[in-house]
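The sequence shown begins at 82 in my numbering and counts up one residue at a time. From the three backbone atoms N, C-alpha and C, an ideal C-beta is built for every residue, glycine too. Data block below; observations after.
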Amino acid sequence: MSGPVECQACHKPIRSAASLGRRIGGRCWRKLRPDQRAAMRALLGQTARPNAAAVRAALNQPAPAGDGQLPLEEQEITL
Numbered sequence: 082m083s084g085p086v087e088c089q090a091c092h093k094p095i096r097s098a099a100s101l102g103r104r105i106g107g108r109c110w111r112k113l114r115p116d117q118r119a120a121m122r123a124l125l126g127q128t129a130r131p132n133a134a135a136v137r138a139a140l141n142q143p144a145p146a147g148d149g150q151l152p153l154e155e156q157e158i159t160l
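Now the structure itself:
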């Protein structure tokens, strides 16, 4: 049997089958940005169990450029 697999983000042991497949623990998965999750899903679409280097490369992609302003919607405020 192979040794314990660790999360590529926090380096803690992974126990669940879903986490083992993506090499990211459940807690860390919930903390990922949407673009990081999309990169991981694309990586999982290519191979069932990606290697650790591919996972780290997918997580280390820079965040998409944005102006930091949330879209404003016109709403009527009634009190």
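Under the three-state reduction of DSSP output, PRO94 falls in the strand class.
Under DSSP, GLU87 shares a beta bridge with PRO94. Put simply, the backbone Cα of ARG96 is about 43 Å away from that of GLU154. Here the alpha carbons of ASP116 and ARG108 stand approximately 17 Å from one another.
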